[in-house]
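Please read the structure below before turning to the comments.
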Amino acid sequence: MKEELLKRWVKGPDGVEFEVEPMSDYFCEAPPTVMPAAYGKIVEDMFNWARSESIWILGFGTGCGAIEMRPLMTPRFDAYRYGIQWRPTPRQANLFVISGYLSTKTLKRAIRAYEQMQNPKYVIGLGSCTINGGMYWDSYNTIKRLDDFLPVDIYIAGCMPRPEALLAGFVDMKKLIRSGKGEGANLYAKNFEWYKANQKRVIHDWDMPDYNW
Amino acid sequence: MPFDWMKIPYSLLTLFIVLNYGLLLGALIQKMGARAGRRYGIPIWQNYVDLIKNYSIRSSITHGSMFYLGPVFRLSGGVGLLLFVPTIYGSYMFSNLSFAGDLILALYFVFFGTLGMALGAGESGHPHAAIGVTRGLSQVSTAELPFALAVFSVALQYQTLSVTDIVAAQQGGIMNWTLFTNPLAVAAAMLAFLGTMMRPPFDVVIAPQEIPIGPPTEYHSSYLALMQTNRAIFPIAKIVIYMNLFFGGADNWPIFFLKVFVIYLWSAFVGVVFPRFRVEQSVRWFLVWALPLGILSIVLV
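Protein chains in written order, with the numbering used here: chain Z, 235 to 447; chain D, 109 to 409.
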């Protein structure tokens, strides 16, 4: 573990010495919990409709596929008319588009961003790299199968898929959410240990707590 | 003074109408901005869906008690502002809880939400939130200066601090509006108006591309939904004050909707035409262009 993450005594600017433990001071260590649908069928159906019609995407391009998301924000394809918006912060986002190959270094950030999103949350794997590694199938530094690390709801195949394919994927995502099957967050909480083990297998310098809320 | 209890349901009705109008108008203005950028834009009901979605998020986290209170303060700023000024002139139902000195109270409420947000966003501990709030406070403070001067100028002109009396003085034809009887004050106030609407060129506070969304960076689910509710109410409440002080008020709902729309459009129009100011540029802009107008209007009155 890196030196700055170890538990140690620090002298503050006012001369007072105090103990810091970065790994537990700044993060929540409680694992995620399964949060089932809490209301009756009618209310949950309405909620699912609202969730499907208002998809907020985390504006975090993890790979080359991020370039396919830009045309969706501009006049040519304009995804806003489908209720799809980009949010700059994981706290407000519902959908995480893993756009293309994911290097292990980016995977670390992707995990943190995913865990900071609020339940219910969804993941779309964009491009063949997220399915089987694609053209990076023999790379030492990228993950091959995204589903081992984050619960993926929908894959959009292609290298690269066009923005139209992305729009079609969003429409499928909407159908999924509306039918109440967008429960990736609960799947992640249920199989938390399995996901963590997989993540730690590829991330060798694991210097964060097991769960970043 | 005996309190009229019937005022409470009537005020809630005003609140309901204004909330719905605010949600629809916000989407409409966003759509017009999109059309100016040759996009189709969001559906007109999108704000409702976003609101329901955010209330339906299952999990939420907290950073402390001020983090809870931030959105509550913000919402009470918007609701309070709306409830203490008369919405429809001459109507018993929609005069709300206005009283003799409501102009001063309204000036406070305009600022109240920003302060609450500063406390809440400060406790979220996110550096972008702190930067956003610092920018917001300095920009809104300087925008408030010309607005306050314009309000004092109008109060001096009509020799009253009651919004109802000011509206009453403007009745009887378009030439009686403050817009024509005291154009300098209106000009100063309308320039200040741009600074508080969070639209370009004065939207550096939330600057989505630079400091991800600023003050509400850490806000999510119901907290965010509360703030969205306020985002629908607060601009309308602020425009109601502008309408009452400078544009002759409204004596029925259609006139109200029309005037509010036109005043809102002014900020949207400027917004799609001009690019974003940095915060020191906008502070300087308010001090150089808007403030002298405000001072001049006071001197001339």
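Glycine residues also receive a C-beta, built at the ideal position from the N, C-alpha and C atoms. Quick caveat: nothing in here was measured; it's all calculated off a predicted structure.
The region 354-374 of chain Z makes contact with the region 327-341 of chain Z, as at least three CB pairs between them are under 8 Å.
Close partners of Asn353/Z in chain D (Cβ separation under 8 Å): Ile165, Arg166 and Ser167. Contact of Gly145/D with chain Z by beta-carbon distance below 7 Å involves Pro309. No Cβ of chain Z is located within less than 9 Å of the beta carbon of Lys346/D. In terms of beta-carbon proximity, Glu326/D lines the interface with chain Z, with at least one pair separated by less than 9 Å. The straight-line gap separating the alpha-carbon atoms of Pro309/Z and Met140/D is approximately 13 Å.
The C-alpha of Ser375/D is placed about 7 Å away from the C-alpha of Met305/D.
Nearest to Ala258/D by C-alpha distance, out of Leu287/D, Asp112/D and Asp273/D, is Leu287/D. Following the DSSP letters along the chain, one finds Arg242/Z inside the beta strand (DSSP E) bounded by residues Arg242 to Lys245. Among the residues of chain D, those whose CB is under 7 Å from the CB of Thr323/Z are Pro320, Ile321 and Thr325, following chain order.
Collapsing the DSSP output to three states places Tyr200/D in coil.
Chain Z has a Cβ within less than 9 Å of the Cβ of Gly149/D. For the pair Phe342/D and Arg182/D, the CB atoms are nearer than the 9 Å cut-off. Looking at the DSSP output, Trp320/Z shares a beta bridge with Ile291/Z. Below 8 Å, enough C-beta pairs join the region 355-368 of chain D and the region 275-293 of chain D to call them touching: three or more. The continuous alpha helix (DSSP H) containing Glu252/D extends over residues Pro235 to Tyr266. Judged by their CB atoms, Leu384/Z and Ala313/Z are not nearer to each other than the 9 Å cut-off. Sequence-distant partners of Ser330/D (beyond 5 residues in either direction) whose C-beta falls short of 8 Å from its own C-beta, in its chain, are Asn162, Tyr163, Ile165 and Ser168.
Looking only at Glu255/Z, Ile377/Z, Ile345/Z and Arg435/Z, the smallest Cα-Cα distance to Ala419/Z is reached by Ile345/Z. Classified as exposed, Arg396/Z has fewer than 16 neighbouring CB atoms from the shown chains inside 10 Å of its CB. Sequence-distant partners of Glu417/Z (beyond 5 residues in either direction) whose C-beta falls short of 8 Å from its own C-beta, in its chain, are Pro354.
Taking 9 Å as the cut-off, the Cβ atoms of Gly240/D and Thr325/D count as close. A contact is defined here as three or more CB-CB pairs under 8 Å, and the region 422-435 of chain Z meets this definition with respect to the region 257-276 of chain Z. At least one beta carbon of chain D lies nearer than 9 Å to the beta carbon of Met280/Z.
As the crow flies, the alpha-carbon of Ser206/D is around 49 Å from that of Phe404/Z. Scanning the region 267-316 of chain D from its first residue to its last, the whole alpha helix (DSSP H) runs of 4-plus residues come out as 271-277, 286-289 and 291-304. Here the region 276-283 of chain Z does not lie against the region 141-155 of chain D, with fewer than 3 beta-carbon pairs under 8 Å apart. Using a Cβ-Cβ cut-off of 7 Å, Asp312/Z is close to Arg147 and Tyr148 of chain D, given in chain order.
Excluding residues up to 5 positions away in sequence, Tyr389 lie with their Cβ nearer than 6 Å to the Cβ of Ile365/Z in the same chain. Between the alpha carbons of Gln350/Z and Gly185/D lies a gap of roughly 29 Å. The distance from the Cβ of Gly299/Z to that of Met394/Z is about 6 Å, consistent with a contact at the 8 Å cut-off. In this structure Gly188/D is buried. Its beta-carbon is surrounded by 16 or more other beta-carbon atoms within 10 angstroms. For Ser390/D, the closest of Ser246/D, Val348/D, Ala263/D and Ile137/D by C-alpha to C-alpha distance is Ser246/D. Secondary structure of Ile390/Z (DSSP, three-state): strand.
For Thr195/D, the number of other beta carbons within 10 angstroms of its own is at least 16, and it is reported as buried.
Excluding residues up to 5 positions away in sequence, Asn162 lie with their Cβ nearer than 6 Å to the Cβ of Leu332/D in the same chain.
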